[in-house]
Amino acid sequence: MIVRPIKTSLIESKTSFRELLEVTLDSCCERSILAVTSKVVAIIEGRIVSPEDFSMVELIARESSAYIPAEKNAYGVFLCIKHNRLIPNAGIDQSNADGNLILLPSNPQEQAQAIRQYISEKLGLAAFGVIVTDSTTAPLRTGVVGICLAHAGFSALRDLVGEPDLYSRPLRFTKVNVADALAAAAVLAMGESNEQTPLAVITELPDFVEFRAESPTGQELQDLTIDPERDLYGQLIKSAPWVHTQDRG
C-alpha cells in the first residue's frame, strides 16, 4: 500500500471543490482512494467563524450532541460526541485557521459521495473511493491519529466473524474498520502542522478492500457505530458527566 500526499495552494473559502480536486487528477487511478481532510472541506463550505462572534461554549453546544465541560480535564478541552464519535472540541479547530475557528463539515458523507462522483465521472474510474478524514485522540494513549468521518466507493467494514484463525478457531467479534485504518495512514502522511498537503491518494491497496459503485446505505453507516449498551466502553461513556444539547451533532 502506498500513500502519496498532495501539496496544494493555500485553501480559502473562495476556493471551489473543482479547483481543489483538479490537482488530484494525475494521481487518481483504478483501485485508489482519495483522502481529503475535513478542514479543507469545511473551509470551502464556509464553515468558518470568528471567536469574537461566538464563545467556545456556544459553539460546542451548537455543534455537538453532548459534551463534557472543559473544566473536567487538565487541558481545558471539551470532550464531545459529534457524528457518533468522541471528538475533542466537537472538531472545532484553531490551527491553520488564521485566527478563526473552523468547524467540521456540515455533511461530510454527502461531500464524500459528491467528490467520488466528480472524480469517477471525470476520469472514468469504476473502482475509486473517497475518505473525509479528521484527527482525534484515544483513551489512555498519547497523541492524535487519523479517523474517517465519511467514506464512499468502498466497503468500510470487513466482517471476519466466523472466519477461522490459524488454529481453526472461529473468530467471534472481529470486524476490521477498513475506513478508519486507511484514514489513519493517510493522515499520518498528510501531517498535522504546516505541510500544506490536505490530500492524499492511496494506491496498491490489498485485495480485501472491496470497491463498489453504490453509496453506503443508511444501515451500513449505522453499522459503523455501536450503541453504548453494547459498546465495550459503554459503562465509561454512560457514567460520564455529559451535558446534552439539541442533538445537532
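Just so you know, my numbering puts 573 at position 234 of the sequence shown, and the rest follows in order with no gaps. No residue lacks a Cβ here, since even glycine has one placed at the ideal position from N, Cα and C.
Bridge partners - residue i, DSSP secondary structure assignment
i: Lys-421; result: Arg-424
i: Ser-371; result: Phe-467
i: Asp-432; result: Ile-441
i: Ala-405; result: Ile-420 and His-583
i: Arg-343; result: Val-540
i: Phe-356; result: For Phe-356, which the question treats as bridged, DSSP gives no partner whatsoever.
i: Val-388; result: Leu-440
i: Asn-393; result: Sequence inspection shows Phe at residue 393; the Asn mentioned does not correspond to that position. Answer by DSSP bridge pairing: none, since Phe-393 is not bridged.
i: Phe-547; result: DSSP lists no partner for Phe-547.
i: Thr-363; result: DSSP, once it has assigned bridges, lists no residue as partnering Thr-363.
C-alpha gap between residue i and residue j, whole angstroms
i: Thr-347; j: Gln-535; result: 6 Å
i: Thr-556; j: Tyr-572; result: 26 Å
i: Ile-441; j: Ala-528; result: 22 Å
i: Ile-541; j: Cys-367; result: 9 Å
i: Arg-401; j: Pro-509; result: 45 Å
i: Thr-513; j: Lys-353; result: 44 Å
i: Gln-450; j: Pro-444; result: 8 Å
Proximity below 8 Å, CB of residue i to CB of residue j
i: Thr-472; j: Ala-374; result: yes
i: Ser-403; j: Thr-584; result: yes
i: Glu-543; j: Met-340; result: yes
i: Leu-496; j: Ile-372; result: no
i: Glu-369; j: Ala-465; result: yes
i: Pro-469; j: Thr-476; result: The residue asked about is misnamed: residue 469 is Val in this sequence, not Pro. For Val-469 and Thr-476, no; Cβs fall outside 8 Å.
i: Ile-486; j: Asp-437; result: no
Check: Unbroken alpha helix (DSSP H) runs of length 4 or more, entirely within the region 447–522: which are they?
Finding: Runs found: 447–462.
Check: Any contact of the region 432–444 with the region 376–391, i.e. 3+ C-beta pairs under 8 Å?
Finding: yes
Item checked: Uninterrupted alpha helix (DSSP H) stretches inside the region 547–571 (no shorter than 4 residues) -> 557–561
Checklist line | the region 487–496 contacting the region 504–513, beta-carbon criterion three pairs below 8 Å | finding: Counting Cβ pairs under 8 Å, fewer than three are found: no touch.
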